[in-house]
Amino acid sequence: MNLAGVSTRFFTGLGSSFLPFADAASAELPMGRLLRLSLFQVTVGIATVLLNGTLNRVMIVELGTPAWLVALMIAIPLLVAPFRALIGHKSDNHKSMLGWRRVPYIWFGSLLQFGGLAIMPFALLLLSRPDTFTVGLIAGAVAFLLTGLGMHTTQTAGLALATDLAPEDTRPRVVALMFVMLLVGMMMAAFIMGSLLADFSATRLVAIVQGAAMFTMALNIIALWKQEARRPSTTRPERPTPKFSVVWREFTAEARNARLLAAIGCGTAAFSMQDVLLEPFGGEILGMSVGATTVLTGLWAFGMLLSFAYAARRLSAGADPLRLAGFGAVVGMLAFAMLLFAVPLDASELVFAGSLTIGIGSGLFSVGTLTSIMAIAGSGQHKGSGLALGAWGAVQATSAGLAILAGGLIRDGVSALALADQIGHTLAYRATGYGTVYLIEIVLLLVTMIVLGPLVGGQQVDTATSQPRFGLTEFPT
1 MNLAGVSTRF
11 FTGLGSSFLP
21 FADAASAELP
31 MGRLLRLSLF
41 QVTVGIATVL
51 LNGTLNRVMI
61 VELGTPAWLV
71 ALMIAIPLLV
81 APFRALIGHK
91 SDNHKSMLGW
101 RRVPYIWFGS
111 LLQFGGLAIM
121 PFALLLLSRP
131 DTFTVGLIAG
141 AVAFLLTGLG
151 MHTTQTAGLA
161 LATDLAPEDT
171 RPRVVALMFV
181 MLLVGMMMAA
191 FIMGSLLADF
201 SATRLVAIVQ
211 GAAMFTMALN
221 IIALWKQEAR
231 RPSTTRPERP
241 TPKFSVVWRE
251 FTAEARNARL
261 LAAIGCGTAA
271 FSMQDVLLEP
281 FGGEILGMSV
291 GATTVLTGLW
301 AFGMLLSFAY
311 AARRLSAGAD
321 PLRLAGFGAV
331 VGMLAFAMLL
341 FAVPLDASEL
351 VFAGSLTIGI
361 GSGLFSVGTL
371 TSIMAIAGSG
381 QHKGSGLALG
391 AWGAVQATSA
401 GLAILAGGLI
411 RDGVSALALA
421 DQIGHTLAYR
431 ATGYGTVYLI
441 EIVLLLVTMI
451 VLGPLVGGQQ
461 VDTATSQPRF
471 GLTEFPT
């Protein structure tokens, strides 16, 4: 049986019947083949839910791991993420007699994801026992690093392959579809894992995480099968290739980039600081189950989808992308205010609403800033969506990693002081640590709006005419 043919016919029928973005298909890249390729984004979504959602809550609440240590582990793969631009550059200029540029990176990225997820549950169980804590710490760090490296490598090379296969006129919508599939994968993973972990046990945790590892490998093989044609002439070892440092310098020479990159870093830190804390907050402070808190990640992803649809409508109407990003910051402040009031009101509904609203605000901010920085990159002598990918991705990922680590440290430190009655009897509750983080995030979003202010309207991007069909070209999610 022809695996590629059968799966392509299945996804063609699925895409034409149920999915938007039907105009992303083309003669060179039919809808069935495009949807099959997008399966690698589903596996990235599964790993993201595990790393940033389900496992951090399990480690902090069920296994009793300190929040700063959980934050450090989650930050490890995020701090490696700035090298995604280098990975993309290397795959652009890969030298091989086999004639493949993207396949080797997607394949080895898949292997790294599989390896990290396969050993991860055992590492976490060792981490929860005092006599095996050191071994568990080392194994857990390796598992998170392997999974994170695999995610970034697979996603970077996969998006590049989608860009290679799609004609230029459909390329923005193809990559936009890839981003939407990532969010769909995250929502599916969050709701399915939430239901499976409703009754938590160590055995069930091992089964779910290792099942995700097998599922990841199977989907990536289906996604990769017969997608990239072999062209030995384009990968011959003796051909000259440009240096990454030269390509990077071209982008960083742009005049307005420093302030915009500072705003991106500050805003990303504001939206990311609670990543490791939201699910433990629901479980530890409000008594929500593992299944209920895992749903929070699905609501966040759904909020991102809503923001994507709204951004498409506004940008297609000619809206200023940085004004849209500022609106996302305002929405984010409202979301963190909901989390602050959830404890005194004892209202878990506010946590669900806050998670959804964080997704909406974060999505608007990401879309707005990326659209603007890509317009700046294309306004000079170079046409640099790839350069924008590197700058945006490096600042965004580094800021997210540092913010997640800082969030865990602040939560642990403030909670310890509060419980020791060092900051007053009124604040002597465990929730004080979480509330401090949410307050800092609101302040960071205010700073972000101050930094963005002078840029709004300073460079009009005619999105209504230059991009009538909105798509996030090479969105580095």
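Everything in the sequence shown is counted per the UniProt record's numbering, starting at 1 for the first residue and increasing by one.
For glycine and all other residues, C-beta sits at the position ideal for the given N, C-alpha and C.
Looking only at its own chain, which residues have a Cβ that is under 6 angstroms from the Cβ of L224, when we skip the five neighbours before and after it?
-> I106, listed in sequence order.
Where does P167 land, buried or exposed, given buried means 16+ other C-beta within 10 angstroms?
-> The residue in question, P167, is exposed, as its Cβ has fewer than 16 Cβ neighbours within 10 Å.
Can you tell which of A189, T448, S415 has its C-alpha closest to the C-alpha of L324?
-> A check of alpha carbon separations from L324 across A189, T448, S415 identifies T448 as the nearest.
With DSSP as the reference, label V276 as helix, strand or coil.
-> DSSP places V276 in coil when its eight states are reduced to three.
Classification of S201 by the beta-carbon crowding that lies within 10 angstroms, buried from 16 upward = Here S201 is exposed, its C-beta having fewer than 16 other C-beta atoms within 10 Å.
N220 - containing alpha helix (DSSP H), residue span | Run containing N220: 202-224, per the alpha helix (DSSP H) assignment.
Quick one: grab the DSSP three-state call for L472.
-> With a pLDDT of 40 at L472, under the threshold of 50, the modelled position of this residue cannot be trusted; read the value that follows with caution. Reduced to three states, the DSSP call for L472 is coil.
Which residues in the same chain have their Cβ closer than 6 angstroms to the Cβ of A420, if we skip the five residues on either side of it in sequence?
-> In its own chain, leaving out the 5 sequence neighbours on each side, no residue places its CB closer than 6 angstroms to the CB of A420.
Report the rounded CA-to-CA distance for L334 versus G354, giving the unit in angstroms.
-> Straight across, the Cα-Cα distance linking L334 with G354 is about 8 angstroms.
Is it true that the stretch 140-149 meets the stretch 181-193, where meeting means three or more beta-carbon pairs spaced less than 8 angstroms apart?
-> Contact between the stretch 140-149 and the stretch 181-193 is not established, with fewer than three Cβ pairs separated by less than 8 angstroms.
Helix, strand or coil: how does DSSP classify V456 here?
-> Coil at V456, not helix or strand.
Starting from A141, follow the alpha helix (DSSP H) in both directions and report where the run begins and ends.
-> A141: member of the alpha helix (DSSP H) spanning 133-165, first to last residue.
Under three-state DSSP, which class holds Y429?
-> Collapsing the DSSP output to three states places Y429 in coil.
For the alpha helix (DSSP H) containing T48, list its first residue and its last residue.
-> Start and end: 39-49.
Closest residue to G136 among L112, L261, M73 (Cα-Cα distance) = Checking every option, the nearest Cα to that of G136 belongs to M73.
Where Q422 falls: helix, strand or coil (DSSP) = Note: Q422 maps to coil in three-state DSSP.
Alpha carbon of S379 to alpha carbon of P321, nearest angstrom | Model confidence at S379 stands at a pLDDT of 49, short of 50, so the residue's coordinates are unreliable; what they give is reported in the following sentence. When rounded, the distance between both Cα atoms is 15 angstroms.
Relative to the C-alpha of M59, which residue among A118, F40, F281, M273 is closest?
-> The residue with the shortest Cα to Cα distance from M59 is F281.
Give me the Cβ distance between L340 and G435, rounded to the nearest whole Å; I'm assuming they're in contact under 8 angstroms.
-> Contact between L340 and G435 is confirmed by a C-beta separation of about 6 angstroms, below the 8 angstroms threshold.
Measure the beta-carbon distance from I404 to D275 and round it to whole angstroms, keeping in mind my assumption that it falls under 8 angstroms.
-> About 5 angstroms separates the two Cβ atoms, so the contact holds.
Going by beta carbon distance, what residues of the same chain come within less than 6 angstroms of T293, once the five residues before and after it are set aside?
-> When the five nearest sequence neighbours on each side are left out, the beta carbons in the same chain lying within less than 6 angstroms of the beta carbon of T293 are those of R57, E279, G282, G283, in order along the chain.
Do you know how far the Cα of A329 is from the Cα of M217?
-> Going by the C-alpha atoms only, they are around 37 angstroms apart.
Let me know the alpha helix (DSSP H) ranges lying completely inside the stretch 293-379, each 4 residues or longer, listed in chain order.
-> For secondary structure counted as the alpha helix (DSSP H) over 4 or more consecutive residues, the stretch 293-379 holds these complete runs in sequence order: 321-345, 348-377.
Does DSSP put P130 in a helix, a strand or coil?
-> When secondary structure is reduced to three states using DSSP, P130 falls in the helix class.
Tell me which same chain residues have a C-beta within less than 8 angstroms of the C-beta of L444, skipping the five on either side of it?
-> Excluding residues within five positions, the ones whose Cβ falls inside 8 angstroms are C266, G267, A269, A270, M273.
Cβ separation of A301 and G359, assumed to be a contact under 8 angstroms, to the nearest whole Å | The pair is a contact, with the Cβ atoms about 6 angstroms apart (cut-off 8 angstroms).
Check M288 in the structure and name its three-state DSSP category.
-> Assigned with DSSP and collapsed to three states, M288 falls in coil, not helix or strand.
Per DSSP, what kind of secondary structure is P30 in: helix, strand or coil?
-> Three-state DSSP puts P30 in coil, outside helix and strand.
Integer Cβ distance of L446 from M304, believed to fall under 8 angstroms = That pair is no contact at about 22 angstroms.
Alpha carbon to alpha carbon, how far is A418 from V343?
-> Distance between the alpha carbons of A418 and V343: 16 angstroms.
Give the straight-line distance between the Cα atoms of L126 and I119, rounded to the nearest whole angstrom.
-> Between L126 and I119, the alpha-carbon positions lie close to 11 angstroms from each other.
Work out the CA separation of T357 and M31 for me, nearest whole Å.
-> Straight-line Cα distance between these residues: approximately 32 angstroms.
Mind checking G64: buried by the 16 CB within 10 Å criterion, or exposed?
-> Classification for G64: exposed.
If L452 and G326 are in contact, beta carbons under 8 angstroms, what's the gap, nearest whole angstrom?
-> Cβ-Cβ separation between L452 and G326: approximately 5 angstroms, consistent with a contact (criterion under 8 angstroms).
Please determine, among R259, A47, S38, the residue with the shortest C-alpha to C-alpha distance to M193.
-> Looking at the Cα atoms, A47 is the closest of the given residues.
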